[in-house]
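Below is one structure; the comments refer to it alone.
Residue numbers (my numbering): 24 to 230.
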C-alpha cells in the first residue's frame, strides 16, 4: 500500500469516527429533550451527583472488570457506570429508583449502541435481584451502604467484588482504597460464610 493510500485510509477512519461521535452526541441530546436531570436533585434516599469520568474508570479498574463479568450498578443515575462497564465488554445492569432517570439512562445506553450489553431498569436496590453479579458498584450514602451489607452478604457469591465511590462501610474495612481527583474509592470482596471476614462484615451492619 502506497503512502497516499495509507493516508487516505487513516483520514477515512478519522472522519468516520468523528461522524459516529457526532451521531452519538445527537442521539444523547435527543434523550434529554424529554427529561434532563439537574445536579443535586432529590431522589428516594440520596441526591443525584454524577460520578466524574476519572472516578468511574478507577472504580472499574479497582475491581478488574473484564468481558467475563456481570456488573450491577446500584443507584445507576444517568447510567454512566453501566455504560463504561459495557464498553469494557462486560454485561452491565443499572438499578435506578427514579423512573425518569432510568428511562434517560437506558436512552443513553441505546444512543451509545450498547443495548446488547447494558440495560438500566427502574428498581429499589434493597429489593432488586442482583445475585448473578460478579461486580457491584455503588455511589450511595454511608447509612445506605451499612443497610445493604446483609443483602450483599446474603445474595452475592463469595469472591464477588464491590466498589464504592466516596463512602465506606463502617467497620467492614475495605481491602483497597484509592483517591482520584480528591474523591475516595473503596474496594471489598464478598467473604465466605463462617469466616472471620464474614463475621466482621456482619458486625459492621449492626453498628
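Every residue, glycine too, gets a C-beta built ideally from N, C-alpha and C. Nothing here was measured: the structure is a model prediction, and the numbers come from that model.
A Cβ-Cβ distance of about 4 Å is found for the pair residue 181 and residue 215, placing them in contact under the 8 Å criterion.
Secondary structure within the stretch 97-143: the beta strand (DSSP E) runs of 3 or more consecutive residues, fully enclosed, are 114-119 (chain order). Here DSSP, grouped into helix, strand and coil, assigns residue 58 to coil. Where residue 159 is concerned, there is no enclosing alpha helix (DSSP H), although the beta strand (DSSP E) around it starts and stops at 158-161. Membership of residue 212 in the beta strand (DSSP E) is indicated by the continuous run 206-212. Where residue 200 is concerned, the enclosing beta strand (DSSP E) starts and stops at 199-203. When secondary structure is reduced to three states using DSSP, residue 172 falls in the helix class. Comparing C-alpha distances from residue 69 to each of 47, 97 and 218 shows the shortest one belongs to 97. Only residues of its own chain outside the window of five on either side were considered, and among them 127, 130, 131 and 134 have a CB closer than 7 Å to the CB of residue 54, listed in chain order. Nearest neighbour of residue 152 by Cα position, chosen from 80, 52 and 94, turns out to be 94. According to the DSSP assignment, residue 223 belongs to the alpha helix (DSSP H) that extends over 219-228.
Rounded to whole angstroms, the separation of the alpha carbons of residue 145 and residue 120 is 5 Å. Boundaries of the beta strand (DSSP E) around residue 184: 184-188. If you ignore the 5 residues before and after residue 78, its C-beta comes within less than 6 Å of the C-beta of 188, 203 and 206, all in its own chain and listed in chain order.
DSSP lists 119 as the beta-bridge partner residues of residue 145.
For residue 88, there is no enclosing alpha helix (DSSP H), as DSSP gives it neither H nor E. Excluding the 5 residues flanking it on each side, residue 92 has same chain C-beta neighbours closer than 7 Å at 113, 157 and 158, in chain order. Excluding five sequence positions before and after residue 111, the CB atoms of its chain that fall closer than 6 Å to its own CB belong to 88, given in chain order. Around the beta carbon of residue 166, a 10 Å sphere encloses fewer than 16 other beta carbons of the protein chains shown; the residue is thus reported as exposed.
For residue 218, the number of other beta carbons within 10 angstroms of its own is below 16, and it is reported as exposed. Around the beta-carbon of residue 102, 16 or more other beta-carbon atoms lie within 10 Å, marking it buried.
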